[in-house]
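Contents: one structure, followed by commentary.
Residue numbers (this note's numbering): -10 to 411.
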């Protein structure tokens, strides 16, 4: 409200053009292949130092390389019953631990007829998504949930972490490392006192890469030991390891459309992609789920509507099978998720880079301009949202009053355009 829909702002030593105008957002987030704004952020000293910018999805500035990796996600994101069973089984494991805590350590509070047990939800959420993502992407079972349960029940919260727990902590810290190297200029990063912290972050990222690289090498040996190609696990790690080899489980999707054949990835290239997949696939949904629980807990009417919808779709019994058809019927729960992402988005800004000069209405955007979509500015703007500070999932319901309909370019819950999160 103070600076308007377009203004300049410095992040560290980098100047950004902040965008809060939906019309400009629509152009910047265009899904066309030859978009002027394909690049998120230019390869800077920090990204180069971390060997980022030419691999993965997040910061890749090479369209062909980015498109190559994206194809694996298109295949792995296709709904199937096995993925649904994996998520369901992991949640049932989590539910069993919670029920055990209530039964064995819960207390009756005030006039309640059922026991209660207070938990710190965030580590449970993080461990749940870490186990789920690792199973889906690498077919590897972690023991984060039972380890956390044992720490609580045996009063071992401050005990030394297992190797898997250390990996999860370092994996999450590696995301902070990337942001730090992007924002903080080299002169400050290498200042004598600050350099200790810089080295700490860099060593942590190196440890994480080495851990995942060992996982990659282990899986490569497993793949080589399985003679029948049809018996190979169908996960993204196996896809990356077998792509462009005689045992390619993707049926050579990476070389479709008559593209120039790509070479098989090295262990280090696969590991870098896996670090990005795991770090972004764990922390963001874990934080979002935590915010959903928070807002639902403070809005009893919303909580009751969620319960009503679950009972309407799945029945009143505690045990039921979940199908994709059932999930598509959960309109109110989907609205709750969207409303939580509106008020507490995954990221406050989305970076884009203008490769060439562009003019959008009266705004002239020079070439080589770093832009940032002001997500919070869009999501909390009263010009686009009625009572934006109010948690109101009903605004996202399909049958909602048209007078309360929202501008689609004022809602950036998973990014947008060609580089929207898969």
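No residue lacks a Cβ here, since even glycine has one placed at the ideal position from N, Cα and C.
Roughly how many angstroms separate the alpha carbons of residue 106 and residue 85, rounded to a whole number? Rounded to the nearest angstrom, the gap between the Cα atoms of residue 106 and residue 85 is 14 Å.
If I follow the unbroken beta strand (DSSP E) through residue 238, where does it start and stop? Where residue 238 is concerned, there is no enclosing beta strand (DSSP E), because DSSP gives it neither an H nor an E.
If you measure between the beta carbons of residue 150 and residue 137, is that distance less than 8 Å? Cβ distance not < 8 Å, so residue 150 and residue 137 don't count as in contact.
Spatial neighbours of residue 247 within its chain, please: C-beta separation below 8 Å, excluding the five flanking residues on both sides. Note on residue 247: pLDDT 48, under 50, position unreliable in the model; the coordinate value appears next. Cβ contact annotation for residue 247 (same chain, cutoff 8 Å, sequence separation greater than five): none.
Can the beta-carbon of residue 12 be found closer than 8 Å to that of residue 350? Result yes, Cβ atoms of residue 12 and residue 350 sit closer than 8 Å.
Helix, strand or coil: how does DSSP classify residue 39 here? In this structure, residue 39 counts as coil in the three-state DSSP scheme.
If we count the other Cβ atoms within 10 Å of its Cβ and call it buried at 16 or more, is residue 397 buried or exposed? With fewer than 16 other Cβ atoms within 10 Å, it is exposed.
For residue 186 and residue 166, believed in contact at Cβ under 8 Å, the rounded distance: Incorrect: roughly 10 Å between the Cβ atoms, too far for contact.
Enumerate in chain order the residues of its own chain whose CB-to-CB distance from residue 77 is below 7 Å, with the five nearest sequence positions on each side excluded. Contacts found: 311.
Quick check on DSSP: helix, strand or coil for residue 409? Coil, per DSSP.
Is there contact between the segment 309 to 328 and the segment 278 to 294, where contact requires at least three CB pairs shorter than 8 Å? Here the segment 309 to 328 makes contact with the segment 278 to 294; the two share three or more CB pairs at distances below 8 Å.
Could you give the residue range of the beta strand (DSSP E) that holds residue 110? Premise fails: residue 110 lies in the alpha helix (DSSP H), 110 to 127, not in any beta strand (DSSP E).
Please check the pair residue 128 and residue 272, which I expect to be a contact at CB under 8 Å, by giving their CB distance rounded to whole angstroms. Rounded, the Cβ-Cβ distance is 21 Å, inconsistent with contact.
6 Å Cβ shell around residue 7 - same chain, five flanking residues per side excluded: Hits under 6 Å: -4, -2, 361, 363.
Environment of residue 131 [buried if 16+ CB atoms lie within 10 Å]: Classification of residue 131: buried, given that the 10 Å Cβ count is 16 or more.
CB of residue 66 within 8 Å of CB of residue 405, strictly: Contact flag unset, no.
Which stretch, first to last residue, makes up the beta strand (DSSP E) that contains residue 229? Where residue 229 is concerned, there is no enclosing beta strand (DSSP E), although the alpha helix (DSSP H) it sits in stretches over 225 to 231.
If we count the other Cβ atoms within 10 Å of its Cβ and call it buried at 16 or more, is residue 41 buried or exposed? Flag for residue 41 reads buried.
Based on DSSP bridge pairs, tell me the residues matched to residue -3. In DSSP, residue -3 forms a bridge with 6.
Sheet register partners of residue 342 (DSSP bridge): Paired residues: 359.
Any 3 or more C-beta pairs closer than 8 Å across the segment 343 to 359 and the segment 288 to 307: Result no; under three Cβ-Cβ pairs closer than 8 Å.
When you compare the segment 177 to 185 with the segment 229 to 238, are there three or more beta-carbon pairs, one atom per stretch, that lie closer than 8 Å? The segment 177 to 185, when compared against the segment 229 to 238, does not touch it at the 8 Å Cβ threshold.
Would you mind reading off the limits of the beta strand (DSSP E) that contains residue 347? The continuous beta strand (DSSP E) containing residue 347 extends over residues 347 to 349.
Taking C-alpha atoms, which residue in 112, 183, 381 lies nearest to residue 294? Checking every option, the nearest Cα to that of residue 294 belongs to 381.
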